[in-house]
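The block underneath contains the structure these notes are about, expressed in structure tokens.
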Amino acid sequence: MAARARSEERRAEILRAAVEVIAERGYRGASLGAVAERVGLTQQGLLHYFPTKEALLVSVLEARDQWDAVPRGEWRLDLLGSLVEYNTMRPGIVQTFSALLGESVTDGHPAREFFTTRYGAVRENFAAVLRAEYGERLPGGLTPEAAAPLLVAVMDGLQYQWLLDPESVDMPGAFRNFLGLLGEPASRARTGPPGDGGDHVDLDQRLGAE
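Position 163 (the sequence shown) corresponds to 536 in my numbering; numbering is contiguous.
If you want it as structure tokens, here you go:
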């Protein structure tokens, strides 16, 4: 058991180093040797934990999603806003994700399938969030399915703008402004604004720690 625990700890250390290297150089510019050097391993030693660069990449992406994990059906608009605010406290993770997302649109990129599948699931989840808040139609007339891709686009687009110019782009504030454009949810009108009655979002418990 002790050996297994040490192995898992080492894998986690390698993943953190990979996040740093990818954030600095992009996936194509990152090398297994550079990651190995950061954790005091030879490249051959690193291959014991991750046999290929592609395997390391997939593990990085899966770990990132685990850090943000919220049980299906428990996402709410106010929790999405809290996630946007939480992301401002971990620019390295956001930078890595954004760099990989940008690269993944090219043919043959090893992360393309991951992001394609992920975004299909995210759109589906966000449509469910919007339906729970607004019903079958948002105040502007859009269905939850039509509005879900816009919600995803705003979150990811704000991340790119914030990474480029964090002093000028208030990412949480801009996201709150976008939610204001969607209109008052019917659920909030019935129950009051988030936070009433002790509805406090604990990010460390709900989203996980970096």
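Note that the Cβ used here is the ideal one computed from N, Cα and C, for glycine as well.
These figures come from a predicted structure and were not determined experimentally.
- Per DSSP, the unbroken alpha helix (DSSP H) holding W535 starts and ends at P517 to L537.
- Between A385 and V394, the gap from beta carbon to beta carbon reaches 8 Å or more.
- Within its own chain, no residue has a Cβ closer than 6 Å to the Cβ of A376 once the five positions on either side in sequence are excluded.
- When DSSP states are grouped into helix, strand and coil, Y459 belongs to the helix group.
- As the crow flies, the alpha-carbon of V495 is around 23 Å from that of A428.
- T479 carries a coil assignment under DSSP once its states are collapsed to helix, strand and coil.
- When secondary structure is reduced to three states using DSSP, D451 falls in the helix class.
- Judged by DSSP in its simplified three-state form, V412 adopts coil rather than helix or strand.
- Using a 10 angstroms sphere on the CB of Q534, the tally of other CB atoms stays under 16, which defines it as exposed.
- In the DSSP annotation of this structure, V542 is not part of any alpha helix (DSSP H), being labelled neither H nor E.
- Relative to W448, the option among R379, G514, M544 and E506 whose CA is nearest is E506.
- Nearest to A484 by C-alpha distance, out of R383, A390 and R401, is R401.
- Excluding the 5 residues flanking it on each side, V527 has same chain C-beta neighbours closer than 6 Å at F551, in chain order.
- The beta carbon of Y422 sits closer than 7 Å to those of R383, R384 and I387, all from its chain and outside the five residues before and after it, given in chain order.
- Assignment of T469 by DSSP, reduced to helix, strand and coil, places it in the helix class.
- Counting other Cβ atoms within 10 Å of its Cβ, Q417 stays below 16 and is therefore classed as exposed.
- Between V467 and L554, the alpha-carbon positions lie close to 25 Å from each other.
- Just so you know, the alpha carbons of V412 and P512 end up roughly 52 Å apart.
- Approximately 6 Å separates the beta-carbon atoms of F470 and R437; this is inside 8 Å, confirming the contact.
- Non-local beta-carbon contacts of F488 in its own chain, meaning distances under 7 Å to residues more than five positions away in sequence, involve L474 and S477 in chain order.
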